[in-house]
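Heads up: the sequence shown is residues 1 to 524, going by the UniProt record's numbering.
Ideal placement from N, C-alpha and C gives every residue a C-beta, glycine not left out.
Worksheet: one structure, shown below.
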Amino acid sequence: MEARPARALVAWCPDFPVTALGADLDEQVAVLSGEGARRRVVACSPAARAAGVRRGQRLRDAQRLAPELRAFARDEAAEARAFEPVVVAAEQVAAGMEVIRPGLLALSARGPARYYGGERALGVVLRDRIAQVETGAGGAIVAGIGIADGVTAAGIAARTPGADEPVIIEPGGSAAYLAPFPLSVLGAPVELVTILDQLGVRSVGRFAALPAGDVAGRFGAEGVLLHRLARGLDLRPPASRRPAEDLAVEHEFDPPAETDQPVVFVAKMLAARLHAGLSAAGLACVRVGIEAETVSGRVSYRLWRHADATGGRLSSAGLAQRAAWQLDGWRTREAYPVPDPVALLRLVPDQLVLDTGIQQVLWGAEEVPDRVARAAERVQALLGHESVARLRIVGGRSPAEMIARVPWGEEPDAEHDSAPWPGAVLRPAPSTVPVEPIPADLLDARQVPVEVSGRARLSAPPAWVVLEGREIGVSGYAGPWGYERSWDPAGRLRRARMQCRLADGRVLLLVLEASAWRVEAIHQ
C-alpha cells in the first residue's frame, strides 16, 4: 500500500516572465527563448493570448497573429530578482517556502492550515499577501492557489482558469481530478506521449488505469514515475525524518568573496560534494537549502526544488545558477551594501528520501559519469558557459539543422524538436555533412541539366553527377521531394531534395536551390 502524498499548497503567478519585465499586461507582449530561427514563445501577456499567441509558437507565427506584438528575450536572472519580493511576502504567512522556479511556490499545507483555521483560509491569506507586492508596471501580483495531495495536483489546480478563490482538491481526490487532463500536464516527454497516443491512451486517467507492472515493463523507470503522478501520487513519499546535520556541506571564504564569481564556483564544488555524500548514504533529497552569510552577519537562506519532473536532480551547474539568482535577488531587495562580502556558503539537503536510482538502458548507461560532469563544469567555470558543448540531434529539415551544439548542462528546445518539419531528411542520418554544401551538376543521358517542375517532377532521369570536376555515373535515384514554394506566378519550387546512388557506391543527398544543385550530405 502506497502512502498518500502530504497536503501541499502551490501558488502560481501566471505569465511571470512577462511580469518580471515590468511590461503592461494590457499590451501584446511575448517572452522568447532560443536564438535565431529557434526562438519560441515561453510566456505571453493576456492581450497577446487573446490574439492567438501561444507558448511554443515561433516568433514569426506569433507576429502573424499579433502584428503589434512586442518580443523580448528571456532573462532568468531578472525573473529571479523580480520574484524575490513575492517569496519574502509569502514567508510572512508560512515558513518553509519552496521555490520551484520564479513564478511558482510550494509549501506543506498541514501545519499552516491549522494555524489559519483551514486550508481555504490559508490559501486566501497567502493570495492576499502576494497581491500586496507591486509589479514593475505598478500593478499587483496575481496568484492562483491550489491545494491537493502532492505538489503536482496542487500545481495544476492553481492554474484553473478564472478561479478567484483557492482551488482545493479533497484528500484522496487527486487522481480523479487529474484524470480528464492530457498527459502533457504531467511533463511527459514528447516521445512517450506520441507512443501512448498511438495506443489510444490520451488522458491521465487512461494512463493511470494501466497496470503498473505493464507500464514498468514497457516504459521503464520514466514511465513508472509518470504513472505515479497520474495516480495522484508524488514522485516520492513524504520524508519520514529530517536531514542529518552532517550531510550539509559548507565553505568558508578566506578572504571573503567580494564578487559573485567565486561564490558560484564554490557552489559547484559544494554541490558535487553534496551529491557524493547523499549517494554514499543511499539517499536523495527533494529540496536543497542554499545559505549565504556575509562578514557582517547578514544571512540569506532559500529552499530550491532539487528533484525534477522525472525524478532526476539538479546538476552542480544548476545549483550554482540558483545560488547566483539568490544572491542577485537578495542584494537587489535589501539594498545590499557593496563592502559586505560573502564569508560562508552552505548547502543543506531537505526532505531526504531513499535513492531508488535511475534505470539504465539495456546496452549501457544513459547517464554521464559524475567525473565527466565535474570536469566539464570546471572547464565552464574557467572558460565560460559556452566553452563545453555537446552535439545533440534536434528538429530541422536539413542535416546541418538537425545537429546543434548545446552548452553542457542545458537541453535543446523540446518543443522545437517535436515540431512538424515537412520535407525533413529521414533517418538514418548521413555519415558525412559538409560544412558548406558542395556545388554539383546533375545531368541526364544527353548531358542536359536535370530540372524540377512545380509539381516536383524531374525533366529527365539523372544519369551523371559532376562533382568537383569529376563526372560520375548515377546507378539509381529517389525523389525529388519539394518542400518550399516561391510566390511567383509560375509556382516553381524554391527547394527540392533527392538522393542519387553513384557508381562508386556512395549515396548523395542533393538539394536544389535557386536552380542550382548542391551536395548537402553523403551516405557512405
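Secondary structure of residue i, DSSP reduced to three states
| i | result |
| --- | --- |
| Ser184 | helix |
| Ile156 | helix |
| Ala11 | strand |
| Ala50 | helix |
| Met498 | strand |
| Pro171 | coil |
| Leu512 | strand |
| Glu84 | helix |
| Asp254 | strand |
| Ser300 | strand |
| Gly144 | strand |
| Trp408 | coil |
| Asp25 | It is worth fixing the name first, because residue 25 is Leu in this sequence and not Asp. Leu25 falls in the coil class under three-state DSSP. |
| Ser459 | coil |
| Glu436 | coil |
| Leu233 | coil |
| Ala95 | coil |
| Ser387 | helix |
| Ser316 | helix |
| Pro262 | helix |
| Asp350 | strand |
| Ala121 | helix |
| Ser279 | helix |
| Arg131 | Checking the displayed sequence, the identity of residue 131 turns out to be Ala instead of Arg. Correct three-state label for Ala131: helix. |
| Pro112 | helix |
| Val448 | coil |
Exposure of residue i, with buried meaning 16 or more beta-carbon neighbours within 10 Å
| i | result |
| --- | --- |
| residue 597 | Outside the shown range of the chain (1 to 524) lies residue 597, about which nothing can therefore be said. |
| Arg322 | buried |
| Arg218 | exposed |
| Tyr301 | exposed |
| Leu234 | One detail in the question is off: residue 234 reads as Asp in this sequence, not Leu. Buried, since its Cβ has 16 or more Cβ neighbours within 10 Å. |
| Val53 | buried |
| Tyr255 | The amino acid at residue 255 is misidentified as Tyr; the sequence shows Pro. Exposed, since its Cβ has fewer than 16 Cβ neighbours within 10 Å. |
| Ser387 | exposed |
| Tyr115 | exposed |
| Ala143 | buried |
| Gly469 | exposed |
| Gly146 | buried |
| Glu252 | exposed |
| Asp149 | buried |
| Gly172 | exposed |
| Asp197 | exposed |
| Leu28 | It should be noted that the sequence gives Gln, not Leu, for residue 28. Buried, because 16 or more other Cβ atoms sit within 10 Å of the Cβ of Gln28. |
| Val86 | buried |
| Pro182 | exposed |
| Val435 | exposed |
| Val368 | Residue placement at Val368 is poorly supported in this model, since its pLDDT is 49, which falls under 50; the coordinates still yield a value, given next. That one is exposed. |
| Gln92 | exposed |
| Ala503 | exposed |
| Ala516 | exposed |
| Leu512 | buried |
| Gln360 | Its pLDDT being 41, under 50, Gln360 is placed unreliably by the model, and the measurement read from it follows with that caveat. So Gln360 ends up on the exposed side. |
| Arg127 | buried |
Residue j beta carbon less than 8 Å from that of residue i
| i | j | result |
| --- | --- | --- |
| Ala140 | Ala153 | no |
| Val448 | Trp464 | no |
| Asp75 | Ala47 | no |
| Ala212 | His227 | yes |
| residue 527 | Leu9 | Absent from the structure is residue 527, since the part of the chain shown begins at 1 and ends at 524. |
| Leu347 | Ile290 | yes |
| Val452 | Ala514 | no |
| Ala30 | Ala90 | no |
| Ala175 | Gly232 | yes |
| Val215 | Val201 | no |
| Gly482 | Gln499 | no |
| Ile50 | Val18 | Contrary to the premise, residue 50 reads as Ala rather than Ile in this sequence. In this structure, Val18 does not lie closer than 8 Å to Ala50 by Cβ. |
| Arg501 | Gly476 | yes |
| Ala80 | Gly329 | yes |
Assumed close pair residue i, residue j - CB separation to whole angstroms, cut-off 8 Å
| i | j | result |
| --- | --- | --- |
| Glu520 | Pro439 | Rounded, the Cβ-Cβ distance is 11 Å, inconsistent with contact. |
| Val99 | Leu303 | 6 Å |
| Gly123 | Phe16 | Rounded, the Cβ-Cβ distance is 19 Å, inconsistent with contact. |
| Pro341 | Val295 | 6 Å |
| Ala73 | Leu59 | Not quite, the Cβ-Cβ distance comes to about 11 Å (not below 8 Å), so this is no contact. |
| Ala179 | Gly162 | Going by Cβ atoms, the distance from Ala179 to Gly162 rounds to 21 Å, so no, they are not a contact pair. |
| Lys268 | Ala209 | Wrong, their Cβ atoms sit about 43 Å apart, outside the cutoff. |
| residue 527 | Leu442 | No answer is possible for residue 527: it lies beyond the span of the chain, which begins at 1 and ends at 524. |
| Thr259 | Glu84 | The Cβ separation is near 20 Å, so there is no contact. |
Test: residue i CB closer than 8 Å to a CB of chain D
| i | result |
| --- | --- |
| Pro341 | Protein chain content of the structure displayed is limited to a single chain, and chain D is not contained in it. |
- Task: Evaluate contact between the segment 119-134 and the segment 23-40, counting only Cβ atoms and requiring at least three cross-stretch pairs below 8 Å.
- Result: no
- Task: Count the CB pairs spanning the segment 53-67 and the segment 16-23 that are closer than 8 Å, and state whether there are at least three.
- Result: no
- Message: Three Cβ pairs or more, each shorter than 8 Å: is that satisfied between the segment 147-162 and the segment 174-188?
- Response: yes
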